[in-house]
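Engineer: According to our numbering, the sequence shown is numbered sequentially starting from 236. Don't be surprised by glycine CBs; every beta carbon is placed ideally from N, CA and C. Note that the structure is a prediction, hence the values are computed from the model and not measured. Quick one: the structure is below, questions incoming.
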Amino acid sequence: MLAFAKRHQKKLAAVAVATGSAAAAAYYWWGQNWWSRLETDAERRTSQDSTADLQGILQQRPHLQPTSVEEHIPEGGGQDVVAAPDVENHSSSGPEPLDSGLQRHFDSIQSISDSTTLPQALRDLQRHVARLTGVHQLLDLLREGKKGHGLAATPSGKLETWQQLKLAAFTNAAASAWLLALLDMLLRVQLNILGRHLFLASHLCSNTEMLAEDQGAETPGLQVSRRAQTMFLDYAHYLPERGSAAIVDIAAAAARKFLVPIDLTDRLGPSNTLGVLSRIHAEMEAQAGKQDWATFMLPSKAEEKQYADAYPPAEPDYTALQPAALLARDEEIVGDMLNEVREVIGTAKFHAALRASVQEVAGRVADGLASGEAGTGLDKLKLPLAKLIPRVSAAGTAALDPSSSATRDCLAAVSALGPVQQLCASVYSSGPPL
236 MLAFAKRHQK KLAAVAVATG SAAAAAYYWW GQNWWSRLET DAERRTSQDS
286 TADLQGILQQ RPHLQPTSVE EHIPEGGGQD VVAAPDVENH SSSGPEPLDS
336 GLQRHFDSIQ SISDSTTLPQ ALRDLQRHVA RLTGVHQLLD LLREGKKGHG
386 LAATPSGKLE TWQQLKLAAF TNAAASAWLL ALLDMLLRVQ LNILGRHLFL
436 ASHLCSNTEM LAEDQGAETP GLQVSRRAQT MFLDYAHYLP ERGSAAIVDI
486 AAAAARKFLV PIDLTDRLGP SNTLGVLSRI HAEMEAQAGK QDWATFMLPS
536 KAEEKQYADA YPPAEPDYTA LQPAALLARD EEIVGDMLNE VREVIGTAKF
586 HAALRASVQE VAGRVADGLA SGEAGTGLDK LKLPLAKLIP RVSAAGTAAL
636 DPSSSATRDC LAAVSALGPV QQLCASVYSS GPPL
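Here's what the structure looks like:
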């Protein structure tokens, strides 16, 4: 494993991502030299072939919980949640070389994350963000107020509701960008870690005697059971269900800081509106960056078991028929993989990929807002903030809509970012020694 890691540790070249929208370009609040602050010149010297030897096939198996992330990987058959490639039946000419199997496996993992796993997980995230920001409830109150009902029926109640909606709309737009990027990064890290484990189990365990002879020791247990796979991927629910609340709180505090001085009747143009969002994002980065990103994305080690126990086992459940030693082994494997996720989250590569992803998502939220304004002539006119608030809120909500072509385009753009590709290749091609 160490020799393999050394051969494949060349970094991917970071690519510059440009946008055709002037509004989106102005929206990128971080300096142009952010990458250089995270990695040295030597670390940035990369080659385009760093994933040239990574390959295989990632597939889903059907026996999954209705609400689990892994159910959204395309269906196949068999026992595993995600399966390593067949190492015996590639062609009549003989077994496929290890390196030629890695690239297909690696590429397939990225494709599944882009097209299936994350889009399905966004439904859950969208629901929790809407609940936490209260945007829909506030809009409903204003509609009821127009009919003479509810808290917004009086002038004072209507004003108070609008003030709350002002904060909620910008909170929704900013938090959605960050949470989409965080969930995307979490799932990519998890799937690449799990995919690597399954690939090694499939290829290396097929020749146990050779591996044991090379290492002068008994072959470690590499197999990751279907139960362990499901347990590991279930932790992806933590960010939408619990971690999102902390991100929304940070976004709300930042929005309050910059929006309180702005009155509902103040007239703003697109550049003003995007400028407010830009400052909110910068404040969010400053505040969230004071904490370990893993605290938003995973339960603490002390909370792991309690969180896992909250999920019912996948059907059919044969846990009661399995030896205690195997169940303990599953928990050990899952714990090791979670520790690896935490280690990855603490690296400069992860921070670079996250920042690039947030910039891309936030820029596209700005694009959506600007294009909506352009259709009504707002690129030339300034309108009261009250008229912009619903559009700001809608732009944030649309970012988490997996059925939207704009969201799919956004996810594809994030996947193509150099720092994101570099992170995925690094996670997949490295790991603890066997």
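1) What would DSSP say about LEU367, mapped onto helix, strand or coil?
2) If you scan the stretch 494-524 from start to end, which runs of the alpha helix (DSSP H) of 4 or more residues do you find wholly inside it?
3) Can you check the stretch 619-669 for any alpha helix (DSSP H) of at least 4 residues that lies completely inside it and give the ranges in chain order?
4) Under 8 Å by Cβ, that's how I've got VAL424 and VAL569 pegged, so tell me the actual separation to the nearest angstrom.
5) Where ALA597 and HIS472 are concerned, what is the direct C-alpha to C-alpha distance, given to the nearest angstrom?
6) By Cβ distance, which residues of its chain are closer than 7 Å to ILE428, with the 5 residues on each side in sequence left out?
7) Measuring straight from C-alpha to C-alpha, what distance separates VAL364 and ALA416?
8) Could you spell out where the alpha helix (DSSP H) holding ARG462 opens and where it closes?
9) Which value, in whole angstroms, describes the spacing of the CA atoms of SER343 and THR465?
10) Where GLU595 and THR642 are concerned, what is the direct C-alpha to C-alpha distance, given to the nearest angstrom?
11) Which same chain residues, not among the five before or five after SER460, have their C-beta less than 6 Å away from its C-beta?
12) In terms of alpha-carbon separation, which member of VAL511, ARG462, THR582 lies closest to GLN657?
13) So what does DSSP say about LEU533, is it helix, strand or coil?
14) Less than 7 Å between the C-beta atoms of ALA601 and LEU509, yes or no?
15) Report buried or exposed for ASP501, applying the criterion of at least 16 other Cβ atoms within 10 angstroms of its Cβ.
16) Can you tell me which of ALA588, PRO505, ALA529 puts its alpha carbon nearest to the alpha carbon of ALA481?
17) Whole-angstrom Cβ separation of ASN208 and SER628, contact assumed at under 8 Å?
18) When you compare the CB positions of HIS516 and ALA409, do they come within less than 7 Å of one another, or not?
19) Taking C-beta to C-beta, are LEU400 and ILE580 nearer than 7 Å?
20) Between LEU561 and the rest of its own chain, which residues show a CB-CB distance below 8 Å, the 5 nearest in sequence each way excluded?
21) Should LEU418 and LEU468 be called a contact, given that it needs their Cβ atoms to be closer than 7 Å?
22) Can you grab the Cα-Cα spacing for the pair SER535 / ASP527, in whole Å?
23) Please identify the residue among ALA463, LEU394, ALA648 whose C-alpha is closest to the C-alpha of ALA543.
24) Does the distance from the CB of LEU376 to the CB of GLY385 come in under 7 Å?
25) How many Å lie between ILE347 and PRO354 at the Cα?
26) Would you mind sorting LEU652 into buried or exposed? The rule is 16 or more other CB atoms within 10 Å of its CB.
27) Is ALA412 near VAL370, with beta carbons less than 7 Å apart?
28) If the criterion is Cβ atoms closer than 7 Å, does the pair ALA487 and GLN458 meet it?
29) Measuring alpha carbon to alpha carbon, tell me which residue in ILE497, GLU518, ALA588, PRO496 is nearest VAL483.
30) Assign GLY383 to buried or exposed, taking buried as 16 or more other Cβ atoms, counted over all protein chains shown, within 10 Å of its Cβ.
31) Mind checking LEU498: buried by the 16 CB within 10 Å criterion, or exposed?
32) Out of PRO637, ALA523, CYS645, point me to the one whose CA is closest to GLY603's CA.
33) By alpha-carbon positions, which one of LEU422, PHE585, ARG362 ends up nearest to THR675?
34) Which two residues bound the contiguous alpha helix (DSSP H) that contains ASP544?
Structural biologist: So, to answer that:
1) The residue you call residue 367 lines up with position 132 of the sequence shown. DSSP places LEU367 within a helical segment (H, G or I) once states are collapsed to three.
2) If we require 4 residues or more, the alpha helix (DSSP H) runs fully inside the stretch 494-524 come out as 505-523.
3) Within the stretch 619-669, the complete alpha helix (DSSP H) runs of at least 4 residues are 620-634, 640-650, 653-664.
4) In the sequence shown, residue 424 corresponds to position 189, counting from 1. In the sequence shown, residue 569 corresponds to position 334, counting from 1. So it is not a contact: roughly 15 Å between Cβ atoms.
5) In the sequence shown, residue 597 corresponds to position 362, counting from 1. In the sequence shown, residue 472 corresponds to position 237, counting from 1. Each residue's Cα considered, the two are about 23 Å apart.
6) The sequence position of residue 428 within the sequence shown is 193, counting from 1. Hits under 7 Å: MET572, GLU575, VAL576, VAL662.
7) Numbered from its first residue, the sequence shown carries residue 364 at position 129. Numbered from its first residue, the sequence shown carries residue 416 at position 181. Rounded to the nearest angstrom, the two C-alpha atoms are 14 Å apart.
8) Stepping through the sequence shown from its first residue, residue 462 is reached at position 227. For ARG462, the enclosing alpha helix (DSSP H) covers residues 461-469.
9) As a first step, residue 343 is located in the sequence shown; it is residue number 108 there, counting from the start. As a first step, residue 465 is located in the sequence shown; it is residue number 230 there, counting from the start. Answer to the nearest angstrom: the Cα atoms are 19 Å apart.
10) If you number the sequence shown from 1, residue 595 lands on position 360. If you number the sequence shown from 1, residue 642 lands on position 407. Computed Cα separation, rounded: 11 Å.
11) Here residue 460 refers to the residue found at position 225 of the sequence shown. The answer, listed in chain order, is ASP565.
12) Counted from its first residue, the sequence shown places residue 657 at position 422. Relative to GLN657, the option among VAL511, ARG462, THR582 whose CA is nearest is THR582.
13) On the sequence shown, position 298 is the one that residue 533 refers to. Coil at LEU533, not helix or strand.
14) As a working mapping, residue 601 is identified with position 366 in the sequence shown. As a working mapping, residue 509 is identified with position 274 in the sequence shown. LEU509 is positioned such that its CB atom lies closer than 7 Å to that of ALA601.
15) Start at 1 with the first residue of the sequence shown, and residue 501 comes out as number 266. The residue in question, ASP501, is exposed, as its Cβ has fewer than 16 Cβ neighbours within 10 Å.
16) Against the sequence shown, residue 481 aligns to sequence position 246. With distances taken between Cα atoms, ALA481 lies closest to ALA529.
17) Not covered by the structure: residue 208. The range shown for the chain is 236 to 669.
18) For this step, residue 516 is matched to residue 281 along the sequence shown. For this step, residue 409 is matched to residue 174 along the sequence shown. HIS516 places its beta carbon less than 7 Å from that of ALA409.
19) Start at 1 with the first residue of the sequence shown, and residue 400 comes out as number 165. Start at 1 with the first residue of the sequence shown, and residue 580 comes out as number 345. Result no, Cβ atoms of LEU400 and ILE580 do not sit closer than 7 Å.
20) Start at 1 with the first residue of the sequence shown, and residue 561 comes out as number 326. Around LEU561: SER460.
21) Translated into the one-based positions of the sequence shown, residue 418 becomes position 183. Translated into the one-based positions of the sequence shown, residue 468 becomes position 233. For the pair LEU418 and LEU468, the CB atoms are not nearer than the 7 Å cut-off.
22) Locating residue 535 in the sequence shown gives position 300, counting from the first residue. Locating residue 527 in the sequence shown gives position 292, counting from the first residue. Roughly 11 Å separates the two Cα atoms.
23) On the sequence shown, residue 543 is found 308 positions in, with the first residue counted as 1. Out of ALA463, LEU394, ALA648, ALA463 has the C-alpha closest to the C-alpha of ALA543.
24) Stepping through the sequence shown from its first residue, residue 376 is reached at position 141. Stepping through the sequence shown from its first residue, residue 385 is reached at position 150. Their beta carbons are under 7 Å apart, which means LEU376 touches GLY385 by this criterion.
25) Taking the sequence shown and counting its residues from 1, one reaches residue 347 at position 112. Taking the sequence shown and counting its residues from 1, one reaches residue 354 at position 119. PRO354 has its alpha-carbon roughly 10 Å from the corresponding atom of ILE347.
26) For the purposes of this step, residue 652 is identified with residue 417 of the sequence shown, where counting begins at 1. Answer is buried; the Cβ neighbour count reaches 16.
27) Residue numbering aside, residue 412 sits at position 177 when the sequence shown is read from its first letter. Residue numbering aside, residue 370 sits at position 135 when the sequence shown is read from its first letter. The answer is no: Cβ separation not under 7 Å.
28) As a working note, residue 487 is residue 252 in the sequence shown. As a working note, residue 458 is residue 223 in the sequence shown. At least 7 Å separates the beta-carbon of ALA487 from that of GLN458.
29) As a first step, residue 483 must be located in the sequence shown, where it is residue number 248. It is GLU518.
30) As a first step, residue 383 must be located in the sequence shown, where it is residue number 148. Result: exposed.
31) Here residue 498 is taken as the residue at index 263 of the sequence shown, counted from 1. What sits at residue 498 in the sequence shown is Asp, not Leu. With fewer than 16 other Cβ atoms within 10 Å, it is exposed.
32) Here the question's residue 603 lines up with position 368 in the sequence shown. Cα-wise, what sits closest to GLY603 is CYS645.
33) For residue 675 there is no data in the structure shown, the boundaries of the chain being 236 and 669.
34) Along the sequence shown, one-based indexing puts residue 544 at 309. Counting along the chain, the alpha helix (DSSP H) containing ASP544 begins and ends at 539-544.
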